[in-house]
Amino acid sequence: MYTFEDRGGDSLTLRPEGTAPVCRAYIEHGMSNLPQPVRLYYCCPIFRYERPQAGRFRQHNQFGIEVIGDADPLADLEVVQLGWTFTRNLGLTNLTLAINSIGDKGCRPAYLKKLKDNPLRLLDCKQTGCQPFIRNAPPSTENLCLNCQRHWDALRGHLKQLGIPYRENHRLVRGLDYYTRTVFEIQPPEEGSQNTVLGGGRYDGLIEQLGGPATPGVGFGSGIERLIANLKRQGVALPDRSPRPVVITGLGEGAQSKGVEIAAALREAGVSVLIASSNRSLRAQMRYASTMNASFTVIIGEDELVRGKLGVRDMDNSVQREVPMLEIVDYLTKAATT
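Using the working numbering, the letters of the sequence shown map in sequence onto residues 168 to 505.
Below, the structure is given as structure tokens:
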């Protein structure tokens with residue numbers, strides 16, 4: 168935890184993860200009154216007071232999703248499937264989906280009899296001295312109660328049904344103590360917990376611990392910097408920060424009116440559009456288009472309106488052509504997205 172005193176002597180702790188804040192928001196905003204389950208997402212900075220090293224930062228950005236209000240194993244499947252599809256669609260390869268069930272407060276006492284001192288923290292230990300104890304530790308799935316066993320069997324059955332490959336890792340517990348039943352991680356080929364690109368699980372008791380009604384939940388989180396590092400390591404080309412816009416230029420009231428109309432149609436088609444200020448000269452508007460890294464510039468003047476053809480300039484090679492006004496949206500929709 169990143170805890171410190173401010174100038175007034177108050178103890179402050181910076182946000183260490185994203186799930187608990189989302190659960191507090193669920194409670195404070197009365198989301199239990201909404202149709203359940205509630206599906207939420209977040210993206211925020213996270214702070215950990217630990218020694219910076221490869222894959223670990225004192226501050227990093229994390230995004231995650233939460234499905235709150237559904238205890239069915241299908242909710243677990245939805246979360247796991249989304250995480251698996253997302254990481255694969257990024258272009259990451261040779262990924263491993265590791266899953267485990269750590270039971271709940273009803274079946275953990277039997278496991279606690281076999282391991283005395285905080286067994287879940289022991290299993291999460293990455294130090295060399297812990298490994299002999301971990302290897303000899305009994306699998307958590309051998310001590311599941313009937314309900315947890317059914318939940319575990321159902322999740323594995325659903326994963327097999329969808330053809331999602333997984334590996335059971337009975338040492339997997341995740342690094343936070345609120346998890347119950349399902350825990351999972353998506354890991355690249357490199358070994359080590361710091362290389363996990365996405366992980367999560369079920370937390371059926373967390374909202375109640377925070378003062379809300381007993382409410383099940385399941386979700387995952389992923390560190391953005393770690394994702395980027397793994398994409399670079401595997402040689403996956405990172406996409407441009409944002410799509411290049413089409414800039415519409417024009418002189419005169421008629422041109423301005425037609426420009427607004429064309430911009431609306433292009434935006435409806437999913438094209439990023441900017442309208443240059445008609446109070447500027449055409450030269451100034453073209454400079455604006457260049458500054459905004461436009462892919463194409465539409466030039467609308469009184470002559471173009473009379474002829475029913477608009478000028479379209481490719482900003483990469485300065486080639487300009489005339490396009491019939493009725494075809495301008497189709498032309499730019501294809502040209503700007505290829």
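Cβ atoms here follow ideal geometry from the backbone N, Cα and C, with glycine treated the same way.
Which listed residue (the options) has its alpha carbon closest to that of residue i
i, options, result
"E335", "L244, P306, C312 and P212", "P306"
"S178", "E184, T170 and Y346", "T170"
"D497", "L433, I466, R474 and K425", "L433"
"N446", "L405, T458 and Q423", "Q423"
"R338", "N267, G324 and L249", "N267"
"G421", "D470, G175 and T458", "D470"
"Y208", "S199, A503, A265 and L249", "L249"
"L365", "K501, G236, I395 and R215", "I395"
"C274", "T252, T308 and G475", "T308"
"L326", "G390, T363, K399 and T252", "T252"
"A238", "H318, N261 and S389", "H318"
"R348", "R369, N362, L322 and A503", "R369"
"N559", "N397, D481, D173 and G379", "With the chain covering only 168 through 505, there is no way to say anything about residue 559."
"L377", "Y193, T263 and R215", "Y193"
"I269", "N397, H227, V490 and C315", "C315"
"K501", "V438, L244 and F214", "V438"
"F214", "L244, E195 and P183", "P183"
Rounded C-alpha distance that separates residue i from residue j
i, j, result
"I331", "L241", "14 Å"
"L472", "V427", "14 Å"
"T416", "I429", "11 Å"
"L313", "V440", "57 Å"
"E494", "R393", "44 Å"
"F230", "C211", "6 Å"
"T180", "R225", "13 Å"
"Q401", "L259", "7 Å"
"G197", "Q203", "12 Å"
"A436", "V414", "15 Å"
"G478", "M492", "9 Å"
"S485", "T458", "15 Å"
"L449", "Q487", "15 Å"
"L264", "D320", "16 Å"
"Y333", "H227", "28 Å"
"V490", "R323", "56 Å"
"E172", "P356", "41 Å"
"R174", "L405", "42 Å"
"N261", "L398", "12 Å"
"K476", "R206", "48 Å"
"P276", "S409", "52 Å"
"R474", "A503", "24 Å"
Buried or exposed by the 16-neighbour rule on C-beta atoms within 10 Å, applied to residue i
i, result
"D156", "Outside the shown range of the chain (168 to 505) lies residue 156, about which nothing can therefore be said."
"R454", "exposed"
"K272", "exposed"
"T254", "buried"
"D371", "buried"
"G390", "buried"
"G236", "buried"
"N310", "buried"
"L244", "buried"
"G329", "Position check: residue 329 holds Leu in this sequence, whereas Gly was assumed. So L329 ends up on the exposed side."
Proximal residues to residue i (C-beta, below 8 Å), its chain only, five neighbours per side dropped
i, result
"D373", "For clarity, residue 373 is Leu in the given sequence; the question names Asp instead. So the qualifying residues of the chain are T186, A187, C190, Y345 and G384."
"V246", "I232, V234, G367, V385, G386 and F387"
"E217", "R223 and R225"
"E375", "A381 and T382"
"V403", "L257, G258 and L259"
"V350", "I266, N267, S268, I269, L339, V340, R341, G366, G367, G368 and R369"
"S444", "Q452 and Y455"
Nearest-angstrom beta carbon gap, residue j and residue i [assumed within contact, 8 Å]
i, j, result
"A511", "T464", "The first residue shown for the chain is 168 and the last is 505, placing residue 511 beyond what the model contains."
"S466", "R480", "This sequence places Ile at residue 466; Ser is not what is there. Going by Cβ atoms, the distance from I466 to R480 rounds to 7 Å, so yes, they are a contact pair."
Minimum Cβ-Cβ distance from residue i to chain C less than 8 Å
i, result
"G402", "Judged by its chain identifiers, the structure shown contains no chain C, having just a single protein chain."
Same chain only: Cβ atoms within 6 Å of residue i, ignoring 5 sequence neighbours per side
i, result
"G176", "none"
"R411", "N460 and S462"
"I442", "I415, G426 and A430"
"G419", "E469"
"T363", "E352 and Q354"
"T195", "Going by the sequence as given, residue 195 is Glu instead of Thr. If we look at E195 and ignore the five residues flanking it on each side, it has no Cβ neighbours."
Distance cut-off 7 Å: residue i Cβ against heavy atoms of the ligand PLP
i, result
"E392", "Summarising the ligand content, the structure contains no ligands, and the ligand PLP is consequently not present."
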